[in-house]
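Okay, structure first, notes after.
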Amino acid sequence: VEKKVLVIGAGIAGIQSALDLADMGIKVTLIENTPTIGGHMAKLDKTFPTMDCSACILTPRMVDVGRHENIQILVNSEVVNICGKKGDFKVKIKVNARYVDEKKCTGCGTCAQKCPIEVPNEFDKDLGIRRAIYIPCPQTVPLIYTIDRDHCVECKLCERVCDAEAINFDQNSVEIEETFSSIIIATGFGEFDIRKYPRLGYGRFKNVYTALELERILNASGPTGGHILRLSDGKIPKRVAFIQCVGSRDHRIGKPYCSRVCCMYAIKNATLLKEHLSDIEVSVFYMDIRAFGKGFEEFYNSSAKRFKVKYIKGRVSEVREVENNDLIVRFENILEEKCIEEKFDMVILCPALVPSKQFLKIAEMIKLPLDEHGFVKIRGQAEQCSTLIDGIFVAGVAESPKDIPDTVAQASSAAMNAYLVLKEVET
Amino acid sequence: MNSKLGVYICHCGANIGSVVDSKAVAEYISKLRGVKISRDFMYMCSDRGQNLIRDDIKNLKLDGVVVASCSPRMHEPTFRRVCTESGLNKYLFEMANLREHCSWVHSHEKASATEKAKLLVKMAVERAKRLDSIPSTIIPIKKEALVIGGGISGLTSATNLVKAGFKVRLIEKKPYLGGNVLKLGKTFPFGIEGPEILEPIQAILPKYIKNGLLEIYLGAEIESVSGYFGNYQIKISTAKYIKEECDLCGKCIEVCPVKVQDELSYRKAIYSIPKSFPKKMFIDKKNCNLCGKCESICPKNAIDLSAKKTINTLDAGTIIIATGFEDYIPKNEYGYGQSKDVITLRLFHRMISKYGLNKIFVPSTGKKPKTVIFISCVGSRQETGHEYCSRVCCSAIMECAKYVKKYVENVIILYRDLRTVARYQEESYRTCRDIGITFIKYSLDAPPKVSTKEGRLKIDVLDKLSGLQLEINGDLVVLATAMVAPKDTEKISSLFHVSRSSDNFFLELHPKLNPLLTPTEGIFIAGVAQSPKDITDSVAQASGAAIKAAIPMAKGEVEIESITGEVNALNCSACGICKEICPYGAIELKETMVGRMKKISAQIVTAMCKGCGACSAACFSGCISMKHFKDDQLLGMINACLR
């Protein structure tokens, strides 16, 4: 029997683990619950500290996955059951019906152009729209459309316009069972529910956004086509505030841990706003600026010196809405020992990273030992990828919050560990 | 010149087709000289589109193919494969980008977009006419890896690779393994002693040394490097002063007359290190006076003070650089060097380690301190000097502070920003606050001043949070110093043609998605050699680097860049500018035969050439051309565009 590895989650961590194993000549099944691989990284605009466009560096790797003869991609899929042990995990996978024949669809997009139904696009954090037959983003891999039956009205216009005859409303979900020698969990993260801080106004005020929403607004393929606008009135913002540690480093309402990426993406987004709009004022409210990785401190310094981003050490006690959906931010400037109120056009909240729901489901299914925050317990500091279940490894934020370079390094490490299990089982 | 071209214009659904009149383009192109067939199709990348090309190559005996569709980044490999499968050399394929370069950016100017598309395809056709078939070169990769550096990163990479079945040679400049971790006391986040982290990794080494998969060279110095990806030769020198027979009986230490101060205490010039690998004595050659007493007393005859250097040439298919870091030595900052009681965090680790001094004391008095003060960012985050953050110091301070608070009354931490980003370390920081450790935020515009007052240390510091100028009395000041690139980084950088970034650590291929690769194929980096990081992240990188090094070795061969430079030896004046400028060290000046004439000219080692074209641009006599990007090919395109 050929030895295979299962990689759960096709964000950058899962992609990297799958590619490394496949390049070693190992057969990999990569499963993903959305219609495309790419995960959160595909949604980001630019990346710190090099300001590389996220999609530009990620999509070639997504294409590599799509093309690799050793990788089987299963999108719209979920793990239903895992049993067995190292070297012999029996995994039941449910491949949800997409009502489009994978073999026939060419990804031309005519169906979506004709589809009359508009649905908020999850990929754009619901800020943009998609159709009931859709791909989440233009770079979708594999490039195959999916019908969202929850919103489809079955007008069957798509069926009529599809030259490839790929639409199949009778398609059924299928359950497959396969055996894997090792499993890598790379299920990424969810966002902390920042509505738990009603005083910061998210969900109540139109111009309070999360950081991921801002990424989509900044992104050229996002809902505003990359134009920085307030979605409430289309006005170009003049003053923007970033509020750090919303849910991180807070043992009362939020999570006691540091989410490790928020300082850097806030610095990056603040710089981007300054690059886009030269007369914009950007303030970042922080507890500690944690610019700890390679080139990060230099990036932080340049944002303050060259781009004149204002960094204010202090906590925000309240965000209030006034006329025109403008926002008043009340904060303490600790270094100047003042309590101040200032008016902003947009407020961006940086929420804590938490384990994804999908991850918690799998963890419960296999009784995976977790820490009190829901991240995987690891064997020790020199075994960061090893969960407490033999033969099951973890990569990326499923282990604990980390940025993209640390994620890809850990993903390669998880691949190495999975490969060694295969070697061990062989002998 | 190729005269039977097949040209294919893709609609890409509506992406190109709704802006560019693909049919009109195809028709226009069909009339060009040299074009055998010109077609348009909804989706060239689909199976049906690909089969169209396959059939035409076979039936019409095409000698070149042009596809006008999307960016070559996406589908050039696809269409090249189609050509190869149909018996056409893949370099006879040319692509025009009608989507990103035309329809997407001109969506509101349909008529002009179609005209531009015609021009783009015409240019591609002119180039395709002039393309040459280039044979692909496959080079074998030796299934042997070299790991440079025997710290926790190098050890992890090496053990991963031997477990995966590859031969590994590990070289370390010190006479023992373990690197910086060996000398750590309580490490975060679990409070484990450094040697105990190394123990399980070192425990499996003998098994692989025995079965021959692992060779370890200690006290090794790299003399020279030759070869290229897949086939490197590294010449190293080693000297073995202590032989395998040493059983640590300790008689040599008794007779050694040389006392050396080391880490706040004394040792002899011959000494042992707890939990070291190998379990042997070590000689401090800097301080040894060669009296020979140890040699004569050793019951096993294991000591040879006059051991000669031996030279070994090691083969390697792939190389992992894991050279780690050195501690920044403070230059009179915060009273370092003036008061014995100002020490580095490294030394403090030796104090609290049970394998070190295992005693917390004030160096000048030997007494237990009442107040211990930590100062962060010493040598890190400086305006001049090291601008970078050393990433581990805040977390390391928390672990040490938490520990020392059990034994001393006051612990004070002077910090700039608290960066306890490692897993569980934010919680550690909170614990530190809960158990009564004092935190004072300072900034670089008013850094703390350390002086002595009535036999104790006095620190004047402006507390940024309260705005108060404070005077603190303390007994022991601990400086968390920066991680800096080791002194021999420069040497290794030039030996292996691996660049460094502005922080002096090695430069990765891409800081975001390729932190483990270097621009030089076959050479990888792991751990702090790339930039400061903690044990957890170093180990993850190291085992990640191991699989990166394993991939080409598992394949056993690799197709190297076919688009390389070519030297016209006749016109070459051997000025050497190309050799200077080549970032890959791929050019040598060598005597060659040009016709019947012997002359010196530049020559390109194709296995090392990456086809960047720097030499071609730099050559004054214009005698280096790039395959696949020859002057006539490019001029053909320019002419097509301008005429």
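Protein sequences appear in the order of chains A and B.
Sequence positions in the first sequence follow my numbering and run 1 to 427.
Sequence positions in the second sequence follow my numbering and run 428 to 1070.
Backbone N, C-alpha and C define an ideal beta-carbon position, used for all residues, glycine too.
Keep in mind it's a predicted model, so treat the numbers as computed, not measured.
Legend entry - Proximity test, Cβ basis, 8 Å: Phe951/B and chain A: With 8 Å as the cut-off, Phe951/B does not count as an interface residue toward chain A.
Inset, instruction - Spell out a yes or no on whether the segment 991-1007 of chain B and the segment 948-958 of chain B are touching, meaning 3 or more CB-CB pairs, one atom from each, closer than 8 Å. - result: No contact exists between the segment 991-1007 of chain B and the segment 948-958 of chain B.
Legend entry - Between the CA atoms of Val769/B and Arg883/B - distance to the nearest angstrom: About 11 Å.
Inset, instruction - May I ask you to report which of helix, strand or coil DSSP gives Asn436/A? - result: Residue 436/A is absent from the structure shown; chain A starts at 1 and stops at 427.
Inset, instruction - Would you identify the three-state DSSP class for Gln410/A, choosing helix, strand or coil? - result: Correct three-state label for Gln410/A: helix.
Inset, instruction - Anything in the segment 9-24 of chain A with a Cβ closer than 9 Å to a Cβ of chain B? List those residues in chain order, please. - result: Answer set for the segment 9-24 of chain A: Ile12, Gln16, Asp20, Leu21, Asp23 and Met24.
Legend entry - Contacting residues, own chain, Cβ-Cβ under 7 Å from Ser221/A (five flanking each side not counted): Cys137 and Pro138, listed in sequence order.
Inset, instruction - Just grab the DSSP bridge partners of Gln1060/B for me. - result: According to DSSP, Gln1060/B bridges with nothing at all.
Inset, instruction - In angstroms with no decimal places, state the Cα-to-Cα distance between Ile348/A and Arg216/A. - result: Roughly 13 Å between the two C-alpha positions.
Inset, instruction - With a threshold of 16 other CB atoms inside 10 Å of the CB of Phe1047/B, please say whether the residue is buried or exposed. - result: Exposed.
Legend entry - Minimum C-alpha distance to Gly971/B - residue among Asp474/B, Cys510/B, Leu547/B and Gly581/B: Of the listed residues, the one whose Cα sits closest to Gly971/B is Gly581/B.
Legend entry - Inter-stretch contact at 8 Å, needing at least 3 Cβ pairs: the segment 671-689 of chain B / the segment 740-747 of chain B: Between the segment 671-689 of chain B and the segment 740-747 of chain B, the count of C-beta pairs closer than 8 Å stays below three; the two stretches do not touch.
Inset, instruction - Examine chain A for any beta-carbon lying closer than 8 Å to the beta-carbon of Phe506/B, and answer yes or no. - result: Not closer than 8 Å to any Cβ of chain A, the Cβ of Phe506/B fails to qualify, so no.
Inset, instruction - Measuring only between beta-carbons, confirm whether Leu335/A sits less than 8 Å from chain B. - result: So, interface residue.
Inset, instruction - Give a yes or no on whether the C-beta atoms belonging to Ala460/A and Ala411/A are separated by under 8 Å. - result: Outside the shown range of chain A (1 to 427) lies residue 460/A, about which nothing can therefore be said.
Legend entry - Exposed unless 16 or more other CB atoms sit within 10 angstroms - verdict on Met522/B: Of the residues assessed, Met522/B falls on the buried side of the cut-off, its CB having 16 or more other CB atoms within 10 angstroms.
Legend entry - Under 9 Å (Cβ pairs) to chain B, residues found in the segment 71-98 of chain A: Hits within the stretch: zero.
Inset, instruction - State the Cα-Cα distance for the pair Asn207/A and Gly605/B, rounded to the nearest angstrom. - result: So the two alpha carbons sit approximately 54 Å from each other.
Legend entry - CA nearest to the CA of Ile57/A, picked from Arg67/A, Leu44/A, His68/A and Glu69/A: Of Arg67/A, Leu44/A, His68/A and Glu69/A, the residue nearest in Cα terms is Leu44/A.
Inset, instruction - Can you give me the Cβ contacts of Ala555/B inside the same chain, cut-off strictly under 6 Å, excluding the 5 residues immediately before and after it? - result: Cβ within range, chain order: Leu432, Gly491, Val493 and Glu521.
Inset, instruction - Please go through the same chain and pick out, in chain order, the residues whose beta-carbon is closer than 8 Å to the beta-carbon of Asp1058/B, but skip the five residues on each side of it. - result: Excluding residues within five positions, the ones whose Cβ falls inside 8 Å are Ser1052.
Legend entry - Contact with chain B by Asp220/A, beta-carbon distance below 8 Å: In the sequence on display, residue 220/A carries Ala and not Asp. Using beta-carbon distances, Ala220/A does not count as an interface residue toward chain B, since no partner is under 8 Å.
Inset, instruction - State the Cα-Cα distance for the pair Arg694/B and Asp711/B, rounded to the nearest angstrom. - result: Their backbone Cα atoms lie some 10 Å apart in a straight line.
Legend entry - Neighbour flag for Lys3/A against chain B, beta carbons, 8 Å: For Lys3/A, not one C-beta of chain B is nearer than 8 Å to its own C-beta.
Inset, instruction - Please report the residue range of the beta strand (DSSP E) in which Met1024/B lies. - result: DSSP places Met1024/B in the uninterrupted beta strand (DSSP E) bounded by Met1024 to Ile1031.
Inset, instruction - Taking Ile57/A as the query, report the chain B residues whose CB atoms sit under 8 Å from its CB, ordered along the chain. - result: Here the neighbours are His937, Lys939 and Leu940.
Inset, instruction - Between the Cα of Ala441/B and those of Asp474/B, Lys702/B and Cys497/B, spot the shortest distance and give me the residue it belongs to. - result: Among Asp474/B, Lys702/B and Cys497/B, the Cα nearest to that of Ala441/B belongs to Cys497/B.
Inset, instruction - Just the C-alpha distance for Pro757/B and Ala909/B, rounded to the nearest angstrom, thanks. - result: Note on geometry: alpha-carbon atoms of Pro757/B and Ala909/B lie some 9 Å from one another.
Inset, instruction - Kindly list, in the order they appear in chain A, the residues whose Cβ is closer than 7 Å to that of Cys816/B. - result: Scanning chain A for C-beta atoms nearer than 7 Å to the C-beta of Cys816/B yields Ala291, Phe292, Phe296 and Glu297, reported in chain order.
Legend entry - Candidates Gly84/A, Ala415/A and Asp64/A: closest to Glu503/B by CA position: Selection Gly84/A, Ala415/A and Asp64/A evaluated against Glu503/B yields Asp64/A as nearest (Cα-Cα).
Inset, instruction - Could you name the residues of the same chain whose beta carbon sits closer than 7 Å to that of Leu273/A, not counting the 5 residues immediately before and after it, in chain order? - result: Taken in chain order, the residues that qualify are Ile228, Val240, Ile280 and Val282.
Legend entry - Cβ pair His68/A, Leu143/A closer than 8 Å: The answer is no: Cβ separation not under 8 Å.
Inset, instruction - Please name the residues in the segment 839-865 of chain B whose beta-carbon is closer than 7 Å to at least one beta-carbon of chain A, in chain order. - result: Answer in chain order: Asp844, Leu845, Arg846, Thr847, Val848, Arg850, Glu853, Glu854 and Arg857.
Legend entry - Contacts that Met346/A makes with chain B (C-beta to C-beta distance below 8 Å): None at all; the shortest Cβ gap to chain B is about 25 Å.
Inset, instruction - Using a threshold of 8 Å, state whether the C-beta atoms of Ile824/B and Ala907/B are closer than that. - result: In this structure, Ala907/B lies closer than 8 Å to Ile824/B by Cβ.
Inset, instruction - Show which residues of chain A have a CB atom less than 7 Å away from the CB atom of Ile624/B. - result: By Cβ distance, chain A contributes Gln381 and Ala382.
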